[in-house]
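Per our numbering, residue 4 is the first one in the sequence shown, and the count goes up by one each step. We put the CB at the ideal spot given by N, CA and C, even for glycine. If you're wondering where the values come from, they're calculated on a predicted model, not measured in any experiment.
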Amino acid sequence: QEQFMSRDNFDIPEVFRRAMEEAGWDTGRGGDGDDEGGGGDRPPFPRRSEPAPGANRLRWLLAIFFLLFLSVNFLVSTYTEWLWFTEVGYTSVWLKQWLFRFGSFAVGFLVALVVLWGNWHFARRRAIQTTPPFYPQVLKSRFIGGVLVAAALFLSLGFAGALSSQWESLLQFVNKVPFGTSDPLFNRDIGFYLFELPVYELIQGWFVSLLVFVLLGVGVLYALNFVPDIQRGRWQPWQNGALRQHVAALGAVLLALWAVGYWFDAFDLLYSPRGVVFGASYTDINASLLALRLQMVTMAIAAVLMILNVFRFSLRPLLVIGGVWLLVTIGVGNLYPGLLQRYSVEPNELARESEYIAYNIEYTRQAFGLDNVDERPFTFEQLSQETLASNESLLKNIRIWDYRPLLTTYGQLQALTLYYQFTDIDIDRYVVNGETRQVMLAARELDKANLPNSSWVNRKLEFTHGYGIV
Numbered sequence: 004q005e006q007f008m009s010r011d012n013f014d015i016p017e018v019f020r021r022a023m024e025e026a027g028w029d030t031g032r033g034g035d036g037d038d039e040g041g042g043g044d045r046p047p048f049p050r051r052s053e054p055a056p057g058a059n060r061l062r063w064l065l066a067i068f069f070l071l072f073l074s075v076n077f078l079v080s081t082y083t084e085w086l087w088f089t090e091v092g093y094t095s096v097w098l099k100q101w102l103f104r105f106g107s108f109a110v111g112f113l114v115a116l117v118v119l120w121g122n123w124h125f126a127r128r129r130a131i132q133t134t135p136p137f138y139p140q141v142l143k144s145r146f147i148g149g150v151l152v153a154a155a156l157f158l159s160l161g162f163a164g165a166l167s168s169q170w171e172s173l174l175q176f177v178n179k180v181p182f183g184t185s186d187p188l189f190n191r192d193i194g195f196y197l198f199e200l201p202v203y204e205l206i207q208g209w210f211v212s213l214l215v216f217v218l219l220g221v222g223v224l225y226a227l228n229f230v231p232d233i234q235r236g237r238w239q240p241w242q243n244g245a246l247r248q249h250v251a252a253l254g255a256v257l258l259a260l261w262a263v264g265y266w267f268d269a270f271d272l273l274y275s276p277r278g279v280v281f282g283a284s285y286t287d288i289n290a291s292l293l294a295l296r297l298q299m300v301t302m303a304i305a306a307v308l309m310i311l312n313v314f315r316f317s318l319r320p321l322l323v324i325g326g327v328w329l330l331v332t333i334g335v336g337n338l339y340p341g342l343l344q345r346y347s348v349e350p351n352e353l354a355r356e357s358e359y360i361a362y363n364i365e366y367t368r369q370a371f372g373l374d375n376v377d378e379r380p381f382t383f384e385q386l387s388q389e390t391l392a393s394n395e396s397l398l399k400n401i402r403i404w405d406y407r408p409l410l411t412t413y414g415q416l417q418a419l420t421l422y423y424q425f426t427d428i429d430i431d432r433y434v435v436n437g438e439t440r441q442v443m444l445a446a447r448e449l450d451k452a453n454l455p456n457s458s459w460v461n462r463k464l465e466f467t468h469g470y471g472i473v
């Protein structure tokens with residue numbers, strides 16, 4: 004046993020040497036291989052020197068100073084924004100905004116930390132318990148434990164920041180209201196697509212990314228205790244019950260979330276640009292929707308099969324369902340929609356797309372309130388000289404100018420500086436010299452991106468309005 008445990012039997016990677024030493028593994032003491040350690044001709048592992056007194060305190064102080072240095076710009080900008088919102092009487096808006104930012108960050112951080120560290124800690128304990136006899140107990144090292152905690156904290160901060168960056172969507176979700184109008188294809192309220200679906204997709208994608216990192220860490224932890232087998236090419240991870248059960252459970256959750264993602268993708272077809280008008284088209288509903296539903300079913304079946312692997316390893320069903328998913332993705336998801344669009348829809352586009360064009364027109368009219376327009380017939384008569392004379396002011400106000408080149412002309416002649424711009428032409432009537440005249444006017448706006456100095460004072464206090472009209 005002593006001879007088997009020496010470094011001469013297998014090459015231990017240098018990165019594990021300190022961890023193995025801390026775990027108490029006998030690494031040999033050099034010499035001739037006697038009972039006192041029998042390490043052969045190779046020298047023992049070097050001992051780690053103790054840190055100097057006060058070194059840890061100095062490291063903590065430097066770390067705190069570095070964090071404060073990185074936070075200066077954030078703290079200054081946040082305080083300045085608070086002063087600005089308070090000055091204009093919208094402190095409650097600022098507070099609610101930051102409440103959701105910090106709230107979503109805290110929730111995301113805690114959830115990510117629990118999922119990451121919880122799974123890694125569980126994998127570490129199970130791996131230690133299932134380590135074969137006479138194998139190095141690398142995972143018992145405090146160094147490995149510290150690495151796990153640091154990695155979990157670091158990744159949790161990243162996931163929390165990603166969730167916090169979507170605070171506006173989360174705020175809209177919490178304060179969602181129904182529109183009272185449903186889409187004609189899925190019969191969902193319009194508010195579902197504006198307030199709910201973006202958040203559902205955000206959470207689904209967030210957890211999928213989180214589980215990928217969890218699985219990577221779990222795989223590495225279980226592999227660390229089998230470094231000798233890996234070096235010799237003898238490691239068979241599927242024969243490790245703890246590894247198989249843990250990975251299968253996580254994989255089942257990941258595949259289930261993947262299936263849910265396909266369900267969400269079906270609703271996104273209402274934003275498809277494929278057809279003659281924006282929105283779901285004939286091909287989207289009759290081909291792409293079918294593919295998404297088949298993909299969702301295959302992923303759900305794969306999740307169930309993965310759960311069965313928790314109890315008994317069986318790779319063949321997973322390979323079969325993976326092949327079915329690949330066939331559905333390529334054949335039904337890619338080839339079939341293209342062929343349907345090319346050979347069925349385009350030759351007879353009006354007949355195929357008429358239903359969806361009608362939906363587009365109907366809901367566009369509702370969105371702009373055009374369905375409430377009161378239409379009345381207008382009777383007209385032949386114009387006479389007397390009618391023209393009595394409506395002279397009206398004739399003088401007939402518009403003959405085109406607002407589109409006029410906007411360009413205003414920008415060339417009246418912008419004066421780079422940070423002035425005209426964005427729109429408005430048509431209105433003003434009293435000029437006692438007569439009502441039609442005029443075309445444009446308000447002069449500020450293009451803050453072209454300010455000579457983009458400081459807070461310039462953006463918030465000095466350059467706030469164009470103060471001009473043409």
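For the pair residue 274 and residue 130, the CB atoms are not nearer than the 8 angstroms cut-off. For residue 470, the secondary structure class from DSSP, reduced to helix, strand or coil, is coil. Of the residues 227, 442, 277 and 406, the one whose Cα lies closest to the Cα of residue 427 is 406.
Residue 227 has its alpha-carbon roughly 9 angstroms from the corresponding atom of residue 140. A straight line joining the alpha-carbon of residue 413 with that of residue 464 spans about 26 angstroms. Taking 4 residues as the minimum length, the segment 178-219 contains no alpha helix (DSSP H) run wholly inside it.
Burial check for residue 74: the Cβ neighbour count within 10 Å stays below 16, so the residue is exposed. Here residue 322 is not near residue 308, since their CB atoms are 8 angstroms or more apart. With at least 16 other beta carbons inside 10 angstroms of its own, residue 249 counts as buried. Sequence-distant Cβ neighbours of residue 254 in its own chain, meaning closer than 6 angstroms and more than five residues away, are 309. Taking all protein chains shown into account, residue 385 has fewer than 16 neighbouring C-beta atoms within 10 Å of its C-beta and is therefore exposed. In the DSSP assignment, residue 439 falls within the beta strand (DSSP E) that extends over 438-444. Under the DSSP assignment, residue 449 falls in the beta strand (DSSP E) whose first and last residues are 447-449.
When 103, 148 and 134 are compared, the shortest CA-CA separation from residue 122 is found for 148. Under the three-state reduction of DSSP, residue 385 is assigned to coil, being neither helix nor strand. By the neighbour-count criterion, in which a residue is buried when 16 or more other Cβ atoms sit within 10 angstroms of its Cβ, residue 344 is buried.
The segment 104-131 is shown to contain no whole beta strand (DSSP E) run of 3 or more residues. Of the residues 93, 340 and 280, the one whose Cα lies closest to the Cα of residue 293 is 340.
DSSP, reduced to helix, strand and coil, places residue 425 within a strand of the structure shown. Rounded to the nearest whole angstrom, the C-alpha separation of residue 247 and residue 367 is 53 angstroms. Here the segment 162-181 makes contact with the segment 104-120; the two share three or more CB pairs at distances below 8 angstroms. The continuous alpha helix (DSSP H) containing residue 307 extends over residues 292-311. Cα atoms of residue 265 and residue 375: separation of roughly 37 angstroms, rounded to the nearest angstrom.
About 7 angstroms separates the beta carbons of residue 360 and residue 279, which is inside the 8 angstroms limit, making them a contact pair. About 5 angstroms separates the beta carbon of residue 473 from that of residue 417, a gap short enough to meet the 8 angstroms contact definition. The residues 422, 449, 451 and 454, in chain order, have a CB closer than 8 angstroms to that of residue 466 in the same chain once the five nearest residues on each side in sequence are set aside. For residue 402, the three-state secondary structure derived from DSSP is coil.
Taking C-alpha positions only, residue 370 is separated from residue 281 by approximately 14 angstroms. Annotation for residue 260: 207, 210, 211 and 214 place their beta carbon closer than 8 angstroms to its own, counting only its chain and skipping 5 residues before and after. With respect to the 8 angstroms criterion, residue 112 and residue 160 are classified as neighbours on the basis of their beta carbons. Looking at the DSSP output, residue 364 sits in no beta bridge, so it has no partner there. Setting aside the 5 residues that flank it on each side, residue 87 is surrounded in the same chain by 463, each with a C-beta closer than 8 angstroms to its C-beta; the list follows chain order.
Under the three-state reduction of DSSP output, residue 435 falls in the strand class.
A check of alpha carbon separations from residue 204 across 182, 194, 268 and 183 identifies 268 as the nearest. Residue pairing by DSSP places residue 430 opposite 443 in a beta bridge. By the C-beta density criterion, residue 319 is exposed, having fewer than 16 other C-beta atoms within 10 angstroms.
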